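Residue numbers (the numbering used here): 8 to 154.
Here it is as structure tokens:
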């Protein structure tokens with residue numbers, strides 16, 4: 008059965024959904040969603056970030072465009088997760104000087120940070136969990152800027 012699945016996938020793909028998630032090694036989109044290979048078109052990056060569409064689109068924008076236009080995906084999922092290192096770094100104002108590219112990338116979550124920083128939290132865990140949730144909302148707003 009699996010042999011036939013992989014044989015058909017060798018020549019084409021027909022995913023129904025684009026799944027945007029964190030690159031955290033503990034998160035495996037196909038396992039979380041109980042999908043077979045070929046059912047999801049996946050973008051993974053630190054913090055499940057979707058930059059707003061701009062004049063110089065990057066890899067995330069190009070992949071979204073390809074999934075929607077070329078592959079015809081009908082659903083887009085943005086998936087955050089608990090204990091996210093990217094959201095922990097933002098919530099704790101962790102010094103990212105040794106990682107300037109990461110620091111720059113995480114600025115795409117500034118809208119989420121602004122919401123979370125307005126509140127007082129009982130624990131760092133609660134704050135990180137709020138960052139995870141608000142970041143998904145922020146990235147949903149960002150994806151709406153894409154054509």
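Glycine is no exception: its CB is placed at the ideal position from the N, C-alpha and C atoms.
Given the structure is predicted, the values throughout are model-derived calculations rather than measurements.
Check	Outcome
Residue 49 versus residue 126 - alpha carbon distance	33 Å
Residue 66 burial status per 10 Å Cβ neighbour count (16 or more: buried)	exposed
Of the residues 128, 10 and 141, the one placed nearest residue 44, counting alpha carbons only	10
Residue 89 vs residue 131 beta-carbon contact at 9 Å	no
Assigned secondary structure, residue 13 (DSSP; H/G/I helix, E/B strand, else coil)	helix
Residue 12 versus residue 129: straight-line alpha-carbon distance, rounded	49 Å
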